[in-house]
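Asks: Shown below is the structure under consideration.
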Amino acid sequence: INKFIEVFAHALASSPLADVKEKAKQLNVIDFGSGKGYLTFAIHDWLRHSQGVNAQVTGVELRPDMVALCNKAIAKLALEGLHIEEGDVRSYQPAALNVMIALHACDVATDYAIHLGVRAGAEIIMCSPCCHKELRPQLLSPHPLKPILQHGVHLGQEAEMLTDGLRALLLDACGYDTQVFEFISLEHTNKNKMILAVKRATDRPNAEVLAQIREIKGFYRIQEQCLESLLRADGVLPAAA
């Protein structure tokens, strides 16, 4: 949790939200898949009590027992600006969103979370994906790589790399400066990859990035990637040629 807060603090300082405290604006944070609320409570505490930011932090969780458990603790501690809602990232509609967090969202749930963040105009998007299942059945190994990718473990690693690489490129095309990096040691968990996207202050042409995406998909014979489909269906990105 401390490492996550460190990453978030750096992202906040380099984002369009850097002056949120000085301008006394409300900062709206949503944590999808909040579970028992460890991260949700921590980020609320850091923003409200360490930084003095007027933060409204919402955890969204599918399991009603976890929602009840967390809200009971919130009521007991009389915490303002924090609540947990029962909901699904595929259908959740936030009233306002500045920071979208989704740690360990399984497979395409990460794509739905990123799409929601982009669509809502979130200035910061933070994801730690897991279970990269969507692309693997689609992949046709380019001939020179077949001897390497005949091993299942390598194919799985390739699917993970391609999935998160395409997500990063799609975020870039939508106006975000995006990084993909390890944010905690492998000795703690193998789910240690972070996709961090910070909205750029000014737009820039995305034709080159979209061309890169097309080329990568063509090379691996990828027919569909969930995030791209969602963004194109919404008109955030132009329809595929």
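Here our numbering = 1-based position in the sequence shown + 5. All C-beta atoms in this analysis are idealised placements derived from N, C-alpha and C, irrespective of residue type, glycine included.
Which of the three DSSP states is assigned to residue 69 in this structure?
Replies: Three-state DSSP puts residue 69 in a helix.
Asks: Among the residues of its own chain, which have a CB less than 6 angstroms from the CB of residue 235, if the five just before and after it don't count?
Replies: Once the five neighbours on either side are set aside, the close Cβ partners of residue 235 are 120.
Asks: According to the neighbour-count rule (16 or more other Cβ atoms, all chains shown, within 10 Å of its Cβ), is residue 8 buried or exposed?
Replies: Exposed.
Asks: DSSP puts residue 11 in a beta bridge; with which residues?
Replies: Residue 11 is not bridged to any residue.
Asks: Taking all protein chains shown into account, decide if residue 85 is buried (16 or more other Cβ within 10 angstroms of its Cβ) or exposed.
Replies: Exposed, by the Cβ-count rule.
Asks: Using the C-alpha atoms, what's the distance from residue 186 back to residue 130?
Replies: If you take the alpha carbons of residue 130 and residue 186, they lie about 14 angstroms apart.
Asks: How do the region 24–39 and the region 99–106 stand: do at least 3 beta-carbon pairs fall below 8 angstroms, yes or no?
Replies: Yes, the region 24–39 is in contact with the region 99–106.
Asks: Given this structure, state the Cα-to-Cα distance separating residue 222 from residue 228, to the nearest angstrom.
Replies: Distance between the alpha carbons of residue 222 and residue 228 is about 7 angstroms.
Asks: Quick check on the DSSP output: the alpha helix (DSSP H) that includes residue 120 runs from which residue to which?
Replies: First-last of the alpha helix (DSSP H) with residue 120: 114–124.
Asks: Alpha carbon to alpha carbon, what distance is there between residue 108 and residue 31?
Replies: Cα to Cα, the separation comes out at about 23 angstroms.
Asks: Using DSSP's beta-bridge definition, name the partner residues of residue 37.
Replies: Paired residue(s): 65 and 107.
Asks: Quick one: what does DSSP say residue 191 is sitting in, helix, strand or coil?
Replies: Confidence at residue 191 is low in this model, with a pLDDT of 46, below 50, so the placement of that residue should be treated as unreliable; the coordinate-derived value is given next. Residue 191: coil per DSSP, three-state reduction.
Asks: Span of the alpha helix (DSSP H) holding residue 160?
Replies: From DSSP, the alpha helix (DSSP H) with residue 160 extends over 157–178.
Asks: Does DSSP put residue 55 in a helix, a strand or coil?
Replies: Here residue 55 sits in helix by DSSP.
Asks: Which residue or residues does DSSP assign as beta-bridge partners of residue 216?
Replies: In DSSP, residue 216 forms no bridge with anything.
Asks: Helix, strand or coil for residue 45 per DSSP?
Replies: Helix at residue 45.
Asks: Quick one, are the C-beta atoms of residue 63 and residue 90 less than 8 angstroms apart?
Replies: Their beta carbons are under 8 angstroms apart, which means residue 63 touches residue 90 by this criterion.
Asks: Check the DSSP bridge columns for residue 97 and list the partner residues they point to.
Replies: According to DSSP, which records beta bridges pairwise, residue 97 is partnered with nothing at all.
Asks: Helix, strand or coil for residue 204? Go by DSSP, reduced to three states.
Replies: Three-state result, residue 204: strand.
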